[in-house]
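Undergrad: Chains as they are written, first to last, in the working numbering: chain A, 229 to 537; chain B, 229 to 537.
2 protein chains.
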Amino acid sequence: MAAMAERPSPEYDVVGLGCCCWDLVGIVEHYPGPDDKQPLLELIQQGGGLVATATVTVTRLGGKACFIGRVGDDEWGAKTRQSLVAEGVSVAGLQVMEGHTSQVAICIAHGTGGQRTIMYKYGSWPLMEAGDVPRRLVVSGKVLLLDLHHPRAALQAARWAQQAGIPTVVDIERPGPHVDELLALADYPVVPERFACRYGGSDDLGLAARRFLDLHPRALVVTQGERGCTAFVDDQVIYQPAFPVQPLVDTTGAGDVFHGAFAYGLALGYDLPYNLRFAAAVAALKCRKLGGRAGIPTMNEVLRLLDGT
Amino acid sequence: MAAMAERPSPEYDVVGLGCCCWDLVGIVEHYPGPDDKQPLLELIQQGGGLVATATVTVTRLGGKACFIGRVGDDEWGAKTRQSLVAEGVSVAGLQVMEGHTSQVAICIAHGTGGQRTIMYKYGSWPLMEAGDVPRRLVVSGKVLLLDLHHPRAALQAARWAQQAGIPTVVDIERPGPHVDELLALADYPVVPERFACRYGGSDDLGLAARRFLDLHPRALVVTQGERGCTAFVDDQVIYQPAFPVQPLVDTTGAGDVFHGAFAYGLALGYDLPYNLRFAAAVAALKCRKLGGRAGIPTMNEVLRLLDGT
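1. Going by DSSP in three states, Cys-515/B sits in which element: helix, strand or coil?
2. In chain A, what lies closer than 7 Å to Thr-345/B by C-beta?
3. Mind checking who Phe-460/A pairs with in its DSSP beta bridge?
4. Taking only beta-carbon atoms, is Glu-270/B less than 9 Å away from chain A?
5. Closer than 9 Å, CB to CB, is Gly-483/B near chain A or not?
6. If you drop the 5 nearest sequence neighbours on each side, which residues of the same chain put their C-beta closer than 7 Å to that of Gly-523/B?
7. CA-CA distance, Asp-463/B and Ala-482/B?
8. Would His-487/B be called buried (16 or more neighbouring beta carbons within 10 Å of its own) or exposed?
9. Looking at the structure shown, is Phe-295/A part of a helix, part of a strand, or coil, going by DSSP?
10. Which chain A residues are close to Pro-445/B, counting only those with a beta carbon under 7 Å from its beta carbon?
11. Below 9 Å on C-beta distance, what does Val-256/B contact in chain A?
12. Check whether the region 400-413 of chain A and the region 366-386 of chain A are in contact - that is, three or more C-beta pairs closer than 8 Å.
13. Would you kindly work out how many angstroms separate the C-alpha atoms of Ala-333/A and Val-361/A, rounded to a whole number?
14. If we count the other Cβ atoms within 10 Å of its Cβ and call it buried at 16 or more, is Met-354/B buried or exposed?
15. For Tyr-467/B, which residues from the same chain have a beta carbon less than 6 Å from its beta carbon, with the 5 sequence-adjacent residues on both sides left out?
16. Considering just the uninterrupted stretch of the beta strand (DSSP E) at His-338/B, what are its terminal residues?
17. Closer than 8 Å by beta-carbon distance: list the chain B residues that pair up with His-378/A, in chain order.
18. Kindly confirm or deny that the region 310-320 of chain B and the region 242-261 of chain A touch, where touching means at least three C-beta pairs closer than 8 Å.
19. Roughly how many whole angstroms lie between the Cα atoms of Ile-272/A and Asp-241/A?
20. Which value, in whole angstroms, describes the spacing of the CA atoms of Gln-266/B and Tyr-498/A?
21. What residues in the region 317-345 of chain B have a beta carbon less than 9 Å from any beta carbon of chain A?
22. Is any beta-carbon of chain B found at less than 9 Å from that of Tyr-350/A?
23. Of all the CB atoms in chain C, is at least one closer than 9 Å to the CB of Pro-403/B?
24. Please list the terminal residues of the continuous alpha helix (DSSP H) segment that includes Leu-365/B.
25. Can you find the residues in the same chain that come closer than 8 Å, C-beta to C-beta, to His-338/A, ignoring five residues on each side of it along the sequence?
26. So within the region 251-302 of chain A, which uninterrupted beta strand (DSSP E) runs reach at least 3 residues, ignoring any that extend past its ends?
27. Measuring straight from C-alpha to C-alpha, what distance separates Gly-195/A and Thr-480/A?
28. Among Leu-435/A, Asp-432/A and Val-461/A, which residue has its Cα nearest to the Cα of Pro-445/A?
29. From Pro-356/A to Val-367/A, what distance separates their C-alpha atoms?
30. Give the interface partners of Pro-267/B over in chain A, defined as CB-CB distance under 8 Å, in chain order.
31. List the residues of chain B that Leu-252/A touches, going by C-beta distances under 8 Å, in chain order.
32. Tell me where the alpha helix (DSSP H) around Asp-484/A begins and ends.
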């Protein structure tokens, strides 16, 4: 922790490095078959992407956040950038790549259980490398949040955070290059159950968690959709049920929002059981509205939900 | 035909009244299941809509066209309008509806056979009524092209065209209000086989065609996708096979383009057998590119295809 004492007081609650994206989000009553023509009940567009939506969650809740990532210099990129600026997220680390296209996703919400189909197009820019990561920004936050969109850049950032004594929350959805290395550096891997079981090599979540705990994180957090989430710390298991949502409109981005809230809770000094409850409440409230960001609540809305239960 | 002699020489080859739309068009390798996350190989946006794309076909082929319809005053509406202006289609009849949203469609192309799934959101504006149709524009073309998007406006336009001796091409995809009345006024109903059989009450296309011919059009034209098209005139049947397309990228809008080419061919005075061949060639060439409009050919490209066969 010596390194931590040396750095200036943190500028941000959460600094995030990873995916940002422009989302086109529609609702259909029933998901159309492959040769169908069906009406959309609604169609909106808004910013998305794992870490980007997580940083918006931080500012919506009243915190300070900075985003590091890449967009192209096209229409979608300009909108993606503006969606962060409008939410008060610092884009000091957002690199606008000349002559490149941006990441875009089509999200189709359908059914009554929050199901959604996602189709995404990657940006045409090259991935960020270790040398592209601004160290000053990485160490200017109380908490670092990473996804695997730019894996080598994420690894570099995790190393700098470790040296500076900054806890790192890592969002990993699927196996891929550098997953082992990144998990070894993560203080809080926060992963969906499907990935936890796959990576942990067992359908028994408790058994699967051991493979993560062997890497000595402070805690492994597993998100389980409508069933809630479970944290594993040494030999302890903490289960947090999901908050019921009425109306359940769209689960798009619920995981991203959970990550943002969890990282912000760490920055606020919440203990693990309360932080799980806090992040679960924030993620649940998000699902009231269509799209990844529209429903992200303010701190007052979260406290009302937490106090009411 | 007395009325025809009274009007000034036509300003446009084709005047179209009906649907215009903004299309978000993606390609996936396989159509995703209801809870999947899948990459898009490509994602583009371009103008679409039955009659709007048909009028763009006319100008791309070297003719003059005017579009009558509605958009909202939102971002999609501005793009829809601009997509017509950029192609040289007159927007003298395009009404920009204040405070309303525009029609947008998500088109997902997939598979190797030109399959596509379409999800669409109607504009929030009210439909055009008979009183909203500018008579001067309707009678300023050599040919009138209608779809059923604004059914009562389409009926009024068809009546004016009939009085002025202007032939009317009608694009009807499915049963709906005012279909009977509009078909009774249509000189050339150009309809997909599925609708022809459904409306005609028989899976035998020849039998189904009789119900249309009882209304005394100059010809009934039935589009049959990859199998081509068939025209019925009195007791005559003219079959035109489709032109093979390499590569077959996307059939979105192929029907709209067929209608535009057919209407323009009428304006140019082509006889029915040649006009079927012409429209089939134009529609086939369209399918080389993604989206409803990108692949619409120039007259030279069409003539090369027609001369080569």
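We put the CB at the ideal spot given by N, CA and C, even for glycine.
Since the model is a prediction, treat every value here as computed from it, not as a measurement.
TA: Short version:
1. Three-state result, Cys-515/B: coil.
2. Against Thr-345/B, the close residues of chain A are Pro-260, Pro-262, Asp-263 and Asp-264, in the order they occur along the chain (beta-carbon pairs closer than 7 Å).
3. Per DSSP, Leu-448/A and Val-465/A.
4. It does: the Cβ of Glu-270/B has a partner Cβ on chain A nearer than 9 Å.
5. No - not a single Cβ of chain A is within 9 Å of the one on Gly-483/B.
6. Leu-513, Lys-514, Cys-515, Arg-516 and Lys-517.
7. Near 28 Å, if we compare the C-alpha coordinates of Ala-482/B and Asp-463/B.
8. Per the 10 Å Cβ criterion, buried.
9. Strand at Phe-295/A.
10. None at all; the shortest Cβ gap to chain A is about 26 Å.
11. Result: Met-347.
12. The region 400-413 of chain A, when compared against the region 366-386 of chain A, does touch it at the 8 Å Cβ threshold.
13. Going by the C-alpha atoms only, they are around 25 Å apart.
14. Strictly speaking, residue 354/B in this sequence is Pro, with Met absent from that position. Exposure of Pro-354/B is indicated by the presence of fewer than 16 other C-beta atoms within 10 angstroms of its C-beta.
15. Cβ neighbours of Tyr-467/B beyond the five flanking positions: Thr-458.
16. Bounds of the beta strand (DSSP E) holding His-338/B are 332-338.
17. Against chain B, a Cβ distance below 8 Å from His-378/A picks out nothing, because the smallest value is about 17 Å.
18. In this structure the region 310-320 of chain B does not touch the region 242-261 of chain A; the number of beta carbon pairs closer than 8 Å is below three.
19. If I take the Cα positions, the gap works out to 30 Å.
20. So the alpha carbons of these two residues sit roughly 36 Å apart.
21. Flagged, chain order: Thr-329, Val-332, Ala-333, Ile-334, Ile-336, His-338, Gly-339, Gln-343, Arg-344 and Thr-345.
22. Closer than 9 Å to some Cβ of chain B, the Cβ of Tyr-350/A qualifies, so yes.
23. You won't find chain C in this structure, because its protein chains are A and B.
24. Note, Leu-365/B: alpha helix (DSSP H), 363-366.
25. Excluding five sequence positions before and after His-338/A, the CB atoms of its chain that fall closer than 8 Å to its own CB belong to Ile-255, Val-256, Glu-257, His-258, Tyr-259, Arg-344 and Thr-345, given in chain order.
26. Correct list: 265-267, 270-276 and 293-300.
27. In the structure as shown, chain A starts at 229 and stops at 537, and residue 195/A therefore has no counterpart that could be examined.
28. Comparing Cα positions, the closest option is Val-461/A.
29. Note on residue identity: the sequence assigns Met, not Pro, to residue 356/A. Near 18 Å, if we compare the C-alpha coordinates of Val-367/A and Met-356/A.
30. Neighbours of Pro-267/B on chain A, chain order: Met-347, Tyr-348, Lys-349 and Tyr-350.
31. The answer, in chain order, is Leu-252 and Ile-334.
32. In this chain, the alpha helix (DSSP H) harbouring Asp-484/A covers 482-495.
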